[in-house]
Amino acid sequence: MRREIKFGGFGGQGIILMGNIVGKASAKYDGKNAVFTPSYGPEARGGAASSNIVIDEEEIDYPYVTKPDVLVVMSQEAYEKYAPSLKDDGILIIDEDLVHLKNGVGRVAKIPSTRIAEKLGKRIVANIVMLGFFAGVTKLISYKAIRKAVLESVPPKFKELNEEALEKGYKYGIKWREE
Amino acid sequence: MRIEFYNGNVASAEGAIHAGCKFFAGYPITPSTEIAEHMALRLPQVGGVFIQMEDELASMAAILGASWGGVKSMTATSGPGFSLMMENIGLGAMTETPCVIVNVQRGGPSTGMPTLVGQADVMQARWGSHGDYEIIALSPSSPQECFDMTIRAFNLAEEYRVPVIILMDESVAHMSEKVMIPDEKDIKLVERKKASVPPSEYLPYKADDFVPEMACAGEGYNVHVTGLTHDEKGYPQATSPEVQEKLVRRLCDKIRENEEKIRDIEEIEMEDAKIALVSFGISARSCKSAMKKARKDGYKVGIIRLKTIWPFPEKYFEEISEKVKKFIVVEINYGQIKLEVERMVGRKKVVLLPKMGGDIHKPEEIYGKIKEVHNGN
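Chains G and V, in that order, give the protein sequences.
Sequential numbering of the first sequence, starting at 2, is according to the numbering used here.
Sequential numbering of the second sequence, starting at 69, is according to the numbering used here.
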């Protein structure tokens, strides 16, 4: 079944990398079809950035995300811009310190991903914490697949840190599911 | 065989490496930049050379030179750079220099929309340089095809001694998908015909079957490369209408006469189709989505996807117009392939569904047009 996922935030948070990792995990390691398309402004940092992923067991024709089943946002701007496009029964995933909800739309899963990353010693892995959380909450990709894709996409000397970040987020997501 | 998750640009660059490309000269431009980046990374690993040039005129000149030095060469650009390359693409056609040019189309004219999609360089690819010549242009719809077609582009360039253009578009260039990279032994490569006679008997532009044998610099043969009208020896004959007649006819006919061999069309559900969607590149994917829905709803619609755009498959359209009632041309420009289809099947049978660029067709728009055409509006 066609599933559409959107990650939104600002440039520099690793939003594009998140999309690439999810696409890679599904296509290379979960054996599904996946299309990833990035979208960003001309700025290197600070501008709006989003990643779009379509996952399907069938062939994917139209490659873009129009109504996401899952929306993951790491900035207020991205939340306000993309939340209206979320499917009625979709899941909204937010960094609770960066996004303040304006109205109670559907299902919401919150995590302090940036705070958790800071505790791990590097704020920059907040996106990987979030990826773990996303995998735990949605189960759209297997943990095994996303772990492989993360380790393949980060510099060797930061593998351990990223693995820890991913696991922390994933466990947080599993906990959310159980509640 | 291995599986990668590549965007179209990286897949194309990787295809070039697998085709044996050893030289890339370019001036990075969005949305083609990842090709230059990836070639800069990969070429030194395979004993090749990457040069970032001062502009696109020089880039195009450099890849012609490299080809005459005996290696497979490539450049990549987008609209504004493609315009600057036109003069030397003509030189490549005149001197019959095998090379590959990737043009990742963005919204135009001029600098237009650097980060967004367009498909409006179709006619420029064919007619952009002055004079009569023929070119080959291919259009991929996925990263996998970017890989496969780049290899095919090199093969065609070598076989016909002609610049081959890959008319990619921003959407395909920037989308990432699964790409299967075959083992080297499973990739079929074509190499240019080398001189088969001793240097004393060699005529560099003598062609028995349209394509002359190519001796490159440093191989012990006299090498003549000129943009002026030249005879079989390669000597300028710029005042001889007879030499011009023979040369230009051959430059065009070597492609025209081989159109069926070069042709690559994907037909989808065309067996009983009364309406045909004609499309290429990213637009063909929206068509497919619309076609599937229309078929479910009982419309007899199929797709003609042009994987090879130039030379245009004239005979193919002549034949298929016998059984297809209407052709809907879906393209991200204001009617370029439409002109070609009209030329072959007549204006009355052709409906255009254009887009000016910056976005691709939504399947619903195409579905709407299918319904409209079906109902005779």
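For every residue, glycine included, the Cβ atom is placed at its ideal position computed from N, Cα and C.
Is residue i helix, strand or coil by DSSP?
i, result
"PHE8 (chain G)", "strand"
"ALA93 (chain V)", "strand"
"GLN192 (chain V)", "helix"
"VAL418 (chain V)", "strand"
"ASN21 (chain G)", "helix"
"SER51 (chain G)", "strand"
"CYS214 (chain V)", "helix"
"LYS406 (chain V)", "helix"
"GLN14 (chain G)", "coil"
"VAL111 (chain G)", "The residue asked about is misnamed: residue 111 (chain G) is Lys in this sequence, not Val. Here LYS111 (chain G) sits in strand by DSSP."
"VAL155 (chain G)", "coil"
"ILE428 (chain V)", "coil"
"GLU81 (chain G)", "helix"
"ILE185 (chain G)", "Because chain G is modelled from 2 through 180, residue 185 (chain G) falls outside the range shown and cannot be assessed."
"ILE400 (chain V)", "coil"
"VAL66 (chain G)", "coil"
"VAL139 (chain V)", "coil"
"LYS123 (chain G)", "coil"
"VAL100 (chain G)", "coil"
Would you mind reading off the limits of the alpha helix (DSSP H) that contains residue i?
i, result
"LEU496 (chain V)", "With chain V covering 69 to 445 only, the question about residue 496 (chain V) has no answer from this structure."
"GLU58 (chain G)", "Segment: none, GLU58 (chain G) is in no alpha helix (DSSP H) and carries neither H nor E."
"ILE330 (chain V)", "327 to 330"
"ASP321 (chain V)", "309 to 324"
"GLU72 (chain V)", "Here GLU72 (chain V) belongs to no alpha helix (DSSP H); instead the beta strand (DSSP E) covers 70 to 75."
"LYS129 (chain G)", "Going by the sequence as given, residue 129 (chain G) is Ile instead of Lys. From DSSP, the alpha helix (DSSP H) with ILE129 (chain G) extends over 127 to 139."
"GLU161 (chain G)", "160 to 179"
Measure from the alpha carbon of residue i to the alpha carbon of each residue in the options, then state which is nearest.
i, options, result
"VAL409 (chain V)", "V:GLY426, V:ILE388, V:LYS423", "V:ILE388"
"MET107 (chain V)", "V:PRO99, V:THR98, V:GLN120", "V:GLN120"
"LYS120 (chain G)", "G:GLU165, G:SER27, G:GLU81", "G:GLU165"
"ILE405 (chain V)", "V:ARG229, V:LYS375, V:GLU155, V:LYS430", "V:LYS375"
"CYS167 (chain V)", "V:GLU310, V:LEU152, V:THR183, V:ILE203", "V:ILE203"
"VAL369 (chain V)", "V:MET338, V:ILE219, V:VAL398, V:ASN401", "V:MET338"
"ASP216 (chain V)", "V:GLU310, V:GLY176, V:ILE234", "V:ILE234"
"MET75 (chain G)", "G:SER27, G:LYS29, G:ILE112, G:TYR171", "G:ILE112"
"GLN113 (chain V)", "V:ALA362, V:GLY88, V:THR98", "V:GLY88"
"PRO272 (chain V)", "V:PRO250, V:ARG110, V:SER197, V:GLU164", "V:GLU164"
"VAL71 (chain G)", "G:SER154, G:LYS7, G:LEU167", "G:LYS7"
"PRO266 (chain V)", "V:LYS256, V:ALA283, V:GLU82", "V:ALA283"
"SER244 (chain V)", "G:ASN34, G:THR67, G:THR38", "G:THR38"
"GLU59 (chain G)", "V:LEU421, V:LYS360, V:VAL240", "V:LYS360"
"LEU152 (chain G)", "G:GLU5, G:LYS25, G:GLY122, G:ARG3", "G:LYS25"
"VAL109 (chain G)", "G:MET19, G:ALA35, G:GLU180", "G:GLU180"
"VAL78 (chain V)", "V:LYS274, V:PRO99, V:SER264, V:VAL316", "V:PRO99"
"MET412 (chain V)", "V:PRO211, V:ILE428, V:LYS394", "V:LYS394"
"ALA275 (chain V)", "V:ALA285, V:GLY286, V:ALA263", "V:ALA263"
"GLN173 (chain V)", "V:HIS86, V:GLY137, V:HIS242", "V:HIS242"
Which stretch, first to last residue, makes up the beta strand (DSSP E) that contains residue i?
i, result
"ALA344 (chain V)", "343 to 347"
"LEU206 (chain V)", "204 to 206"
"THR38 (chain G)", "34 to 41"
"SER146 (chain V)", "From DSSP, SER146 (chain V) is part of no beta strand (DSSP E); its letter is neither H nor E."
"ILE95 (chain G)", "92 to 96"
"GLY175 (chain V)", "167 to 175"
"LEU72 (chain G)", "71 to 74"
"ILE333 (chain V)", "333 to 336"
Note down the Cα distance separating residue i from residue j, rounded to an integer number of angstroms.
i, j, result
"ALA136 (chain G)", "SER143 (chain G)", "7 Å"
"LYS191 (chain G)", "GLN77 (chain G)", "Since the first residue of chain G shown is 2 and the last is 180, residue 191 (chain G) is not available in this structure."
"GLU122 (chain V)", "LYS160 (chain G)", "39 Å"
"GLY15 (chain G)", "MET69 (chain V)", "31 Å"
"PHE385 (chain V)", "LYS417 (chain V)", "12 Å"
"GLU432 (chain V)", "VAL23 (chain G)", "27 Å"
"TYR303 (chain V)", "HIS292 (chain V)", "7 Å"
"LYS149 (chain G)", "SER27 (chain G)", "11 Å"
"ARG220 (chain V)", "LYS246 (chain V)", "19 Å"
"VAL240 (chain V)", "ARG373 (chain V)", "15 Å"
"LEU296 (chain V)", "PHE150 (chain V)", "23 Å"
"ARG194 (chain V)", "PHE11 (chain G)", "41 Å"
"MET128 (chain V)", "ASN443 (chain V)", "49 Å"
"LYS437 (chain V)", "GLY349 (chain V)", "19 Å"
"ALA93 (chain V)", "ALA352 (chain V)", "31 Å"
"GLY160 (chain V)", "LEU132 (chain V)", "7 Å"
"ALA35 (chain G)", "LYS176 (chain G)", "27 Å"
"LEU87 (chain G)", "MET424 (chain V)", "28 Å"
"ASP277 (chain V)", "ASP427 (chain V)", "44 Å"
Cβ closer than 7 Å: which chain C residues qualify as neighbours of residue i?
i, result
"ARG353 (chain V)", "In the structure shown, chain C does not exist; the protein chains are G and V."
Give, in chain order, every unbroken run of the alpha helix (DSSP H) that is at least 4 residues long and sits entirely within the region 353 to 394 of chain V.
-> Fully enclosed alpha helix (DSSP H) runs of 4 or longer: 382 to 388.
Tell me the start and end of each unbroken beta strand (DSSP E) in the region 225 to 305 of chain V that is at least 3 residues and wholly inside, in chain order.
-> Counting only runs of at least 3 residues, the region 225 to 305 of chain V fully encloses the following beta strand (DSSP E) elements, listed from N- to C-terminal order: 231 to 237, 244 to 249.
Secondary structure, alpha helix (DSSP H): runs of 4+ residues fully inside the region 101 to 135 of chain V = Within the region 101 to 135 of chain V, the complete alpha helix (DSSP H) runs of at least 4 residues are 101 to 110.
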